Amino acid sequence: MIVMGYGDERRSGAYPVAGPSGPGRVDWVARTSAPVLCPPVLAAGVLVVADMVGTVYVFDAGTGELRWRVPEEDDPGLVVRDEDGEWPDPITMAVAVWRDRVFVAEADSDQFEHYEDSDSEVRVHDLATGERIGTVPGGGYPAVVGDTLLLYGLNDGVRAFELPGLGPLWHAKDAEGRVQTVPAVGPDGALYLPGGFEGNKTHGGVMRLDPLTGEVAEFDEDQGEDEDEGEDAEYEGWDVTKAVHAVAAEGLVWLPADRLRFGEDPPFDGAITGRDPRTGEVRWIHRMPKTPAGAVAVVDGTVFAAVNGPGDGGHGEPSFAKAVTAIGITDRVVRWTRPLPDTGAGTPVIADGFVYMAVRDGRVLALDAGSGDVRWEVDLGERILDKEEMGYFDVECAFEEDGQVIIPANGVLYVRTRAGIIAVR
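Just add 125 to wherever you are in the sequence shown, counting from 1, and you've got my numbering.
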């Protein structure tokens, strides 16, 4: 069994497991040579992790014991922090796992690029031993959907390969400029890939791909207006979806958006949108006085979202989550809002009636999903990093999503941190 990022193939954020049975405590720390910015993958009793300099580790999911790592030793010439205390450009990708195989993009400056004449490659490792058992020519961000390996190239679209043979299936060259994150899978198997943001090139929106042919069924950068808004839909502004994964749930495709309000201060507010999965038209919208701070979770008729502080966020700007909020889908009424004790890290994770949310100073909060009340919190003793805190945030170009922070399993939470992976029981 593989525990997927963001809960399931729909990326709903909901997990069919229970976390710690009572107030959580730190059980063990699986240390890495550099901070972890990528969500770990839980598969066959192990955790697969990539740190910010591209080293891949496999830890025992029960004890945190190291099973293998690639490379086996640290490069003594590798600079984790320079003499001024600055971080190098980190590797923020997630590794991908299919059955007994681990897919890892090359850790170089072009790891997410793919061109016809590219000499980059995606490595294939044996999950049990770490042995390198194959390669896929060309670079790309790896994601697995069913028995298909997808590789995203920012400038050359999405390529698909059948598993286990790795034979090429299709190449959607029109699917360039996609956010480097996992796709959401709709009820008919369609893949939903959000667009990144770059001036005069890609302005958000969502693309629908046929999983069998790679045909682009819908590409919509226009954020539209909800058919139920009436006169309230008239405003002077520009909505741009955030560079985060989409969610396919409750019959819609969900994306948060930032709205630039011309001539106003602060210049941004936000919205959460639900789109028709076939046409891309906005069918549901909830306007917010503050911008969303990342992707949403959607479960049991409720949308959960982290929200920025006043004036923070906006397309091309980093997020500083200050609260978590829950919104009813049927009536669009805010059920509750819970302020966070520090800047939020990652997006809300839902499991067994709890909303788990981390903050940068290294705490994890367990909130009651129905009321937002804090049931318990635990201090990990290690900070949780993201691109903004590390000084790696391009205000002109947004194509990467900060990796999921918390992965729940039965009786445990796995949390990515500056020190590695910390297990909370």
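Glycine residues also receive a C-beta, built at the ideal position from the N, C-alpha and C atoms.
Please read all numbers here as calculations on a predicted model, not as lab measurements.
Please report the distance separating the alpha-carbon of residue i from that of residue j.
i, j, result
"Ile532", "Ala186", "12 Å"
"Ala146", "Glu198", "With the sequence shown as reference, residue 146 is identified as Ser, and Ala is not the correct amino acid for it. About 38 Å."
"Pro336", "Gly311", "10 Å"
"Gly330", "Phe445", "22 Å"
"Pro289", "Val222", "12 Å"
"Gly265", "Val537", "32 Å"
"Ala418", "Thr472", "8 Å"
"Pro414", "Met482", "21 Å"
"Val369", "Ala420", "6 Å"
"Pro466", "Gly292", "49 Å"
"Leu318", "Glu287", "19 Å"
"Gly282", "Ala430", "29 Å"
"Gly453", "Gln529", "24 Å"
"Val161", "Arg463", "27 Å"
"Tyr240", "Leu276", "Only weak support exists for where Tyr240 lies, its pLDDT of 44 falling under 50; the value from the coordinates is given anyway. Going by the C-alpha atoms only, they are around 12 Å apart."
"Lys298", "Asp383", "27 Å"
"Val423", "Arg457", "13 Å"
"Ile475", "Leu492", "9 Å"
"Leu510", "Asp504", "15 Å"
"Ile127", "Ala523", "29 Å"
"Phe468", "Lys447", "Phe is not the amino acid found at residue 468; the sequence shown has Thr there. Distance between the alpha carbons of Thr468 and Lys447: 6 Å."
"Val249", "Ser496", "45 Å"
"Asp313", "Val304", "22 Å"
"Ala534", "Ala143", "7 Å"
"Lys367", "Ala451", "19 Å"
"Val181", "Gly259", "16 Å"
"Val480", "Gly263", "39 Å"
"Val365", "Gly321", "9 Å"
"His328", "Thr188", "44 Å"
"Thr416", "Glu526", "16 Å"
"Val261", "Pro267", "11 Å"
"Trp461", "Asp394", "19 Å"
"Val428", "Cys163", "24 Å"
Using the beta-carbon count (16 or more within 10 Å), is residue i buried or exposed?
i, result
"Asn433", "buried"
"Arg257", "exposed"
"Val183", "buried"
"Lys326", "exposed"
"Glu301", "buried"
"Pro381", "buried"
"Glu190", "exposed"
"Ser245", "buried"
"Arg150", "exposed"
"Val459", "exposed"
"Val553", "Residue 553 lies beyond the range of the chain shown here (126 to 550); nothing can be said about it."
"Asp390", "exposed"
"Glu352", "With a pLDDT of 43 at Glu352, under the threshold of 50, the modelled position of that residue is not reliable, and no figure is offered here."
"Gly170", "exposed"
"Asp200", "exposed"
"Pro141", "exposed"
Less than 8 Å between the CB atoms is what I'm expecting for residue i and residue j, so what's the real figure, rounded?
i, j, result
"Asp225", "Leu252", "5 Å"
"Glu507", "Thr542", "4 Å"
"Arg488", "Glu502", "5 Å"
"Val449", "Gly138", "Not confirmed; about 12 Å, so no contact."
"Leu274", "Phe228", "6 Å"
"Ala219", "Gly130", "6 Å"
Which residues in the same chain as residue i place their Cβ atom closer than 6 Å to its Cβ, once the five residues preceding and following it in sequence are excluded?
i, result
"Gly478", "Ala494"
"Val269", "Ala221, Trp223"
"Gly255", "Trp193, Val195"
"Pro402", "Gly311, Val378"
"Gly75", "Limits of the chain in this structure are 126 at one end and 550 at the other, which puts residue 75 out of reach."
"Trp363", "Leu385"
"Arg412", "Ala396"
Who are the Cβ neighbours of residue i in its own chain at under 7 Å, not counting the five residues just before and after it?
i, result
"Pro295", "Looking at the sequence itself, residue 295 is Trp, so the reference to Pro does not match. The residues are Ala285, Thr338, Gly339."
"Arg550", "Pro145, Gly149, Arg150, Asp152, Gly536, Val537"
"Pro392", "Leu385, Arg386, Gly439"
"Pro165", "Leu172, Val173, Val174, Ile532, Tyr539, Arg541, Ile546"
"Asp77", "The requested residue 77 does not occur in the structure, where the chain is confined to residues 126 to 550."
"Ala470", "Ala483, Val484, Arg485, Ile509, Asp511, Val530"
Only counting the same chain, and skipping five residues up and downstream in sequence, which positions put a Cβ closer than 8 Å to that of residue i?
i, result
"Ala342", "Ala315, Arg333, Leu334, Asp335, Arg403"
"Glu375", "Gly399, Val423, Gly426, Ile454"
Pair every Cβ in the stretch 436-449 with every Cβ in the stretch 402-409, then say whether three or more of these pairs are closer than 8 Å. no
Stretch pair the stretch 529-547 + the stretch 153-165: three plus CB contacts closer than 8 Å: The stretch 529-547 is in contact with the stretch 153-165.
Would the stretch 130-150 and the stretch 302-317 be scored as touching if the rule is three or more Cβ pairs under 8 Å? Judged by Cβ distances under 8 Å, the stretch 130-150 makes contact with the stretch 302-317, as three or more pairs qualify.
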